[in-house]
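The sequence shown maps to residues 0 to 243 in numbering that gives the first Met the number 0.
Cβ coordinates follow ideal geometry from the N, Cα and C atoms, glycine included.
Treat the numbers as computed from the prediction; the structure is a model and nothing was measured.
Structure first, then comments.
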Amino acid sequence: MAGRKWYEADLAHVHDVGFASFSLGAAPLLLRTLRAHGIDRGLVVDLGCGSGQWAGKLHEAGYDVLGIDGSAAMVALASRRVPEARFVRASYLDAKLPRCAAVTALGEVFNYAFDSRAGTAGLARILRDVHRALEPGGLLVFDVATPGRGSGSPVRHRAGPGWEIVSETTEDGRARILTRRITTFRRVGKLYRRSVEVHELRLYEPRAVLGILRDAGFRVRRVSGYGAERFPKHYAGFLARKPS
């Protein structure tokens with residue numbers, strides 16, 4: 000991540016205050032899913048934990064939480080939101096996973112290309128690492144962006160109290176790479192501060208992800224959303240269980 004802007008202070012703030020609906024909307028179904036599989040306590044590792052919205056719901060439900068994120072600003076926000084949990088700054092590609100009951104990675108976490116290790120080989124390695132870390136019967140829940148995710152309007156705009164964000168998206172269909180140029184305006188005093196980040200994502204075919212999960216030893220099924228939080232087009236979710 001050296002030399003790359005990645006959810007620095009302004010974008011982390013905007014994501015926290017303006018884009019929490021996905022993780023918060025997913026929380027009720029995800030908590031029911033954990034309990035339905037007999038996981039009503041223990042450690043849950045949240046990869047790409049962001050500002051700790053989902054971690055907070057896990058803590059409220061009685062779980063121990065380890066959040067891992069590559070953004071120092073996100074980790075700082077999460078630590079303030081859920082001081083009882085543990086948060087570590089690290090790429091999901093470098094994460095040292097302890098023994099745990101479940102692992103979650105919500106919101107395209109495995110798509111983000113921090114460095115040259117991102118891609119199919121990197122995905123396969125982290126999924127094997129998750130399988131080793133999970134207790135028998137443990138769960139992995141995650142979602143990925145798939146080819147075509149960049150379709151639709153190439154420029155999108157959102158605004159809220161004290162902030163605006165403009166995202167320009169391009170997709171290289173042959174290389175299966177999506178690029179977002181994100182311009183953020185955040186009010187600081189009477190003025191607005193402008194910042195720009197460029198994020199690159201590797202896009203995965205759902206069938207390929209299913210194969211990688213099965214090769215890693217998981218029993219897996221594809222899901223179309225997390226309860227009321229339905230996935231948009233060109234998105235796929237997975238519920239993977241380590242056999243008991």
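Exercise. Leaving out five residues before and five after E134 in sequence, what residues of the same chain have Cβ atoms less than 6 Å from its Cβ?
Worked result: For the purposes of this step, residue 134 is taken as residue 135 along the sequence shown, with counting starting at 1. Excluding sequence neighbours, E134 sits near A100.
Problem set entry | Three-way DSSP call (helix, strand, coil) for D214 in this model | As a first step, residue 214 must be located in the sequence shown, where it is residue number 215. In the structure shown, D214 sits in a helix (DSSP, three-state: H, G or I).
For this session: Counting only the same chain and skipping the five closest in sequence on each side, list residues whose C-beta sits under 6 Å from that of V16.
Result: Counting from one through the sequence shown, the residue named residue 16 turns up at place 17. Once the five neighbours on either side are set aside, V16 has no close Cβ partner at all.
For this session: Jot down the residue ranges of each uninterrupted beta strand (DSSP E) in the segment 86-155, minimum 3 residues, whole runs only, in chain order.
Result: 99-104 and 133-144
For this session: Could you have a look at G49 and say whether DSSP puts it in helix, strand or coil?
Result: Residue mapping note: residue 49 aligns to position 50 of the sequence shown, counting from 1. In this structure, G49 counts as coil in the three-state DSSP scheme.
Exercise. Going straight from the alpha carbon of A94 to that of A84, what length do you get?
Worked result: Locating residue 94 in the sequence shown gives position 95, where the first residue counts as 1. Locating residue 84 in the sequence shown gives position 85, where the first residue counts as 1. Taking the straight line from one Cα to the other gives about 17 Å.
Exercise. Along the chain, where does the beta strand (DSSP E) that runs through D39 open and close?
Worked result: Translated into positions along the sequence shown, residue 39 becomes position 40. Note, D39: premise wrong, no beta strand (DSSP E); not H, not E.
Exercise. Does DSSP put E59 in a helix, a strand or coil?
Worked result: The residue labelled residue 59 in the question sits at position 60 within the sequence shown. Helix.
For this session: Pick out whichever of F237, V43 and S223 has its Cα sitting closest to the Cα of P231.
Result: Taking the first residue of the sequence shown as position 1, residue 231 is located at position 232. Nearest of F237, V43 and S223 to P231, Cα basis: S223.
Exercise. T182: beta carbon under 7 Å from a heavy atom of the ligand GDP?
Worked result: The ligand GDP is absent from the structure shown, which contains no ligands of any kind.
Exercise. Rounded C-beta distance between L105 and S22? I'm assuming under 8 Å.
Worked result: As a working mapping, residue 105 is identified with position 106 in the sequence shown. As a working mapping, residue 22 is identified with position 23 in the sequence shown. Between S22 and L105 the Cβ distance is about 6 Å, and since that is below 8 Å, they are a contact.
Problem set entry | F86 beta carbon less than 8 Å from that of A77 | The count along the sequence shown starts at 1 and reaches residue 77 at position 78. The count along the sequence shown starts at 1 and reaches residue 86 at position 87. Yes, the Cβ-Cβ distance between A77 and F86 is below 8 Å.
Exercise. At what residue ranges does the segment 156-235 contain a whole run of the alpha helix (DSSP H), taking only runs of 4 or more?
Worked result: 205-215
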